[in-house]
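Structure first, commentary second.
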Amino acid sequence: MPALARRGGRLPLLVVFSTMIFETITNQDLPVIKCVLINHKNNDSSVGISSSYPTVSESPEDLGCALRPESTEAVYKAATVEVATSASITLQVLVNTPGNISCLWVFKHSSLNCQPHFDLQNRGVVSMVILKMTETQAGEYLLFIQSEAANYTILFTVSIRNTLLYTLRRPYFRKMENQDALVCVSESIPEPIVEWVFCDSQSDSCKGESPAVVRKEESVLHELFGTDIRCCARNELGRECTKLFTIDLNQTPQTTLPQLFLKVGEPLWIRCKAVHVNHGFGLTWELEHRALEEGSYFEMSTYSTNRTMIRILFAFVSSVGRNDTGYYTCSSSKHPSKSALVTILEKGFINASKSSENYEIDQYEEFCFSVRFKAYPQIRCTWTFSQKSFPCEQTGLDDGYSISKFCNHKHQPGEYVFHAENDDAQFTKMFTLNIRRKPQVLAEASASQASCSSDGYPLPSWTWKKCSDKSLNCTEEITEGIWNKKANRKVFGKWVSSSTLNMSEAIKGFLVKCCAYNSLGTSCETILLNSPGTFPFIQDNIFYATIGICLPFIAILTMLICHKYKKQFRYESQLQMVQVTGSLDNEYFYIDFREYEYDLKWEFPRENLEFGKVLGSGAFGKVMNATAYGISKTGVSIQVAVKMLKEKADSSEREALMSELKMMTHLGNHENIVNLLGACTLSGPIYLIFEYCCYGDLLNYLRSKREKFHRTWTEIFKEHNFSFYPTFQSHPNSSMPGSREVQIHQDLDHISGFNGNSFQSEDEIEYENQKRLEEEEDLNVLTFEDLLCFAYQVAKGMEFLEFKSCVHRDLAARNVLVTHGKVVKICDFGLARDIMSDSNYVIRGNARLPVKWMAPESLFEGIYTIKSDVWSYGILLWEIFSLGVNPYPGIPVDANFYKLIQSGFKMDQPFYATEEIYFIMQSCWAFDSRKRPSFPNLTSFLGCQLADAEEALPKL
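Throughout the sequence shown, residue numbering follows mature numbering (1 follows the signal peptide of the UniProt record, and there is no 0), covering -27 to -1, 1 to 929 in sequence.
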């Protein structure tokens, strides 16, 4: 079951935030630089350096950052950190300095992305998360911080603890004493499991046929006649395999000579295999045309099922030296001879091209990075992008080389790194990926000029054209009065450029067209000069066509316009993806998905939908409950919510709904977002198919539970004289007292990917979890912990939207839905809400707006950012912890209300909130948007609160 799909599902992250809340000292009392180590419990199979936090953390440890006395600059050195292999840690620096900061991590001469944020005491926080520590991640980490006051350098030294005690050595072969048999040995700590693997694969899916642990040396004895044979050893540190080098006299000769590398002192084993119709043949080994000495080879033979004879002749040297280098030739009286080159090395190597490679691909082009290399011993490798590491798979080629490919880039531009190492060598290769995109144009006009801005890659160029006689025939190129602003580009992002046309008498009153073009295509916008705003050419055509229409038709058209005006505004999704163009709040634009292609893989047969009741209806459309057959799994039906326009929707509304669909396909899935499941766009009205949330919106859910609210589960059991005890004790994961805490930690383990019972199938786990959720929901109660969990889940959903560069613009309890397990999901079903009769939406200008949820910059300047969503989130917190009371109770929305907001007025603490939660609300309502916490901050803090939910309550 996905994370947070159960009560108690929450992630108590970085306890540092909890410490910050309860300290009462001022910033002046804090050190300028504080270094902290946080040890995490490993519940994740991923490896490498990451900016995402592991799910469970221990208390932070002060590393005592001290200024280096010999340095003339502000250089701090933290205490050396010793980490066990496979442990996960966070190196964190708290910077107590005014103003904004920028930072850069450097590790092994490579720069790593750094994303600072501010904690609740307004200190800068910089973190480096190292997941599943390996020797590759050990070394010196340099952090460079630049602030308005000064520059700082912080040095961390990270080493592996007990590297001599914990090892996983590659298995090797040797001859069994007094017997012609092959033994596989792994000398590793902790004790390994050794198994023979009989297929041409190194993955875990290639299972061994003879797993066993025999005697002190972890040996396995087996007669070997198969084609591809490996011996693998695994323990807590991972899995290592060694392939038995084989020359098969019956196979077609390879185009290149087989080659085997070994280091001095390692054992040599080569297997020569031949099959013949009878036993009348023999095998011999030669080294550089000299027969091998007696005792350095032995033979095995057997009959196969078709009665042919299989002979195997092993050549072996217990410890090779440089004199053992040369061509080893296997000969047979019935087969052509074959040779292999054995090279004995003093140390291992990795051979590959180190030169960086740059790629440009189209937005939906299939593409994989690849590295071709030759190495000995076998390498360990990772692919890294944006501080996250990904598994590395290797495939052997016929010419002795291997290849590793990485295809999981999801068309994200940036720098990708391939890193490989073995016992003796390291190798790093850099790749750069840029995504080609057609330009998108946004136009506007003022009294004296027209401006167009565009983003795209490669850098777009501009042309301006005049449309003759106010028609759409725009062929006359304009060359004078044009000023193209210097284009700028974020690293690996799209080029943002603009072009301005100064108005002259020659073009005043005419339509002009600005076009941005690059190698992927051209986008244009048409503007009527001497008229504010932008006019797409279709609307211009309608405008000019109506001039020549007779007066009665104009009267009818006026009536239709008035009818449209009553709707106040056209339909558009409240959820929008933005492109930031500068550092100021108002330097952004909404991404226009009209030009994006719709991916037909989302298309769902409309005949497989069976509609039920209407869930909501508004001025533009409605949302209906439906049963979808086969949308998640063939032969399985599930309940869904279908979003659609009303029958008489115009083309602009249909276009807006299609744009919303395209945006949702780019957004991706998250547990706390109402996810898109599919769509119907062909041969009929447009349907958007979403997840169905059975308990409706959070606002009404909270209001319906007011009579069932209890602050703690302890209070519930006391009130009911433990009448629920038998129900909970029957579940193996529950006990009294303290069953909630047991459940919490078990749920956390499950969320983090740890399964305590490896013998349970996913279906059994799903069934048990669902059964427990239904038992809890049958109690029909609500606790303080549930309120915290709602707040945490919404913060997680908004953290995801922030990561995806999305702003919601209408975050409120009415726009959060509740489903099984008290899981909450953020939604945008605005088209199905009748805002004309909803008192929460107040007329302001020519639109109805949720004024009481809006940040000051949105209310007074029309600016919507993720920080304005943080303000709305603070209002939503107030709704949650008041159990659904309307914000600003008793205060009407009038001129005095706007003055209150401008004066910094904040609502009082809601009845069910603790001091810590109210402090968070107040932080969200900072008038200066830069001082509001980010959603990652909020998630971390609420995770800590959730870990100690009952203890956080004041004793009544």
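Yeah, the Cβ is synthetic: ideal placement off N, Cα and C, and Gly gets one too. Keep in mind it's a predicted model, so treat the numbers as computed, not measured.
Give the single residue among GLU417, LYS595 and ILE408 whose Cα lies nearest to the Cα of ASP335.
The option with the nearest alpha carbon to ASP335 is ILE408.
CA-CA distance, CYS800 and TYR389?
Looking at the two C-alpha atoms, the distance is approximately 34 Å.
Go through the region 863 to 916 residue by residue and report every complete run of the alpha helix (DSSP H) that reaches 4 residues or more, in order.
You should have 868 to 875 and 888 to 897.
In whole angstroms, what separates the C-alpha of ASN324 from that of TYR374?
Spanning the two alpha carbons is a distance of roughly 9 Å.
Going by C-alpha distance, which of CYS8, ILE662, LYS595 and ASN124 is nearest LEU582?
Checked all of CYS8, ILE662, LYS595 and ASN124; the closest Cα to LEU582 is ILE662.
Check PRO829 in the structure and name its three-state DSSP category.
If DSSP states are grouped into helix, strand and coil, PRO829 belongs with the helices.
Alpha carbon to alpha carbon, what distance is there between SER421 and ALA123?
Those two C-alpha atoms are separated by around 45 Å.
Pick out whichever of SER304, PRO412 and PHE363 has its Cα sitting closest to the Cα of LEU493.
If we check each option's Cα against that of LEU493, PRO412 comes out closest.
Report the rounded CA-to-CA distance for ALA920 versus ARG679, giving the unit in angstroms.
Cα-Cα distance, rounded: 24 Å.
Give me the Cβ distance between VAL613 and LEU650, rounded to the nearest whole Å; I'm assuming they're in contact under 8 Å.
Sure, about 6 Å apart at Cβ, within 8 Å.
Tell me, which residues are paired with GLU55 by DSSP?
Paired residues: SER132.
For TYR301, which beta-bridge partners are listed by DSSP?
DSSP output for TYR301 lists LEU260 and ALA313 as bridge partner(s).
Run through DSSP, which three-state label would ARG284 get?
ARG284 falls in the strand class under three-state DSSP.
With a CB to CB cut of under 8 Å and the five nearest residues on each side skipped, what residues in its chain are close to PHE346?
Around PHE346: ILE323, ASN324, ALA325, ILE352, TYR374, SER375, ILE376, SER377, ALA393 and PHE400.
With distances taken Cα to Cα, identify the nearest neighbour of ARG147 among VAL170, PHE271 and LEU36.
The residue with the shortest Cα to Cα distance from ARG147 is PHE271.
Whether or not the region 428 to 443 and the region 471 to 480 are in contact is what I'm after, with contact meaning three or more pairs of Cβ atoms, one per stretch, closer than 8 Å; do they touch?
A contact exists between the region 471 to 480 and the region 428 to 443.
Please confirm whether LYS635 and TYR571 have their CB atoms less than 8 Å apart.
Cβ atoms of LYS635 and TYR571: closer than 8 Å.
CA-CA distance, PHE566 and GLN549?
Computed Cα separation, rounded: 10 Å.
When we look at the beta-carbon of CYS380 and count the other beta-carbons within 10 Å, is it buried (16 or more) or exposed?
Classification of CYS380: exposed, given that the 10 Å Cβ count is below 16.
For the alpha helix (DSSP H) containing ASN151, list its first residue and its last residue.
No alpha helix (DSSP H) holds ASN151; DSSP gives it neither H nor E.
For ASN642, name the three-state secondary structure that DSSP assigns.
Coil.
Is it the case that the region 772 to 782 contacts the region 839 to 847, given that we only count it when at least three CB pairs across the two stretches are under 8 Å?
Touching, per the Cβ criterion.
Does the Cβ-Cβ distance between ILE836 and ALA786 come in under 8 Å?
Cβ atoms of ILE836 and ALA786: not closer than 8 Å.
Assuming GLY877 and PHE900 form a contact by the criterion Cβ under 8 Å, report the distance between their Cβ atoms to the nearest whole angstrom.
So it is a contact: roughly 6 Å between Cβ atoms.
May I ask you to report which of helix, strand or coil DSSP gives LYS216?
It is a strand residue.
My understanding is that THR58 touches MET106, with C-beta atoms under 8 Å, so please give their C-beta distance in whole angstroms.
Yes, they are in contact, since the Cβ atoms of THR58 and MET106 sit about 6 Å apart, within 8 Å.
Which of the three DSSP states, helix, strand or coil, is assigned to ARG627?
Looking at ARG627 - three-state DSSP - the assignment turns out to be helix.
Looking at the unbroken beta strand (DSSP E) that takes in GLU580, where does it start and where does it end?
Here GLU580 belongs to no beta strand (DSSP E), and DSSP marks it neither H nor E.
Residue range of the alpha helix (DSSP H) that PHE773 falls in?
Taken as a continuous stretch (DSSP letters only), the alpha helix (DSSP H) holding PHE773 covers 757 to 776.
Is the beta carbon of PHE129 closer than 8 Å to that of LEU77?
No. Outside cutoff.
Ignore the nearest five residues each way along the sequence and tell me which others in LYS681's own chain have a CB closer than 6 Å to its CB.
Same-chain partners within the cutoff: ASN753, VAL754 and LEU755.
Hey, out of CYS653, SER328, ALA51 and ALA629, whose CA is closest to TYR125's CA?
Nearest C-alpha to TYR125: ALA51.
How would you label ASN395, buried or exposed, when you count the other beta carbons within 10 angstroms and need 16 or more for buried?
The residue is buried, with at least 16 neighbouring Cβ atoms inside 10 Å.
Helix, strand or coil for PHE404? Go by DSSP, reduced to three states.
Reduced to three states, the DSSP call for PHE404 is strand.
Around the Cβ of PRO509, are there at least 16 other Cβ atoms within 10 angstroms (buried) or fewer (exposed)?
A caution first: PRO509 carries a pLDDT of 43, below 50, which makes its placement in the model too unreliable to give a value.
Can you tell me whether ASP17 is helix, strand or coil according to DSSP?
Confidence is the limiting factor: at ASP17 the pLDDT is only 41, short of 50, which leaves the residue's position unreliable, though a coordinate-based value still follows. ASP17 falls in the coil class under three-state DSSP.
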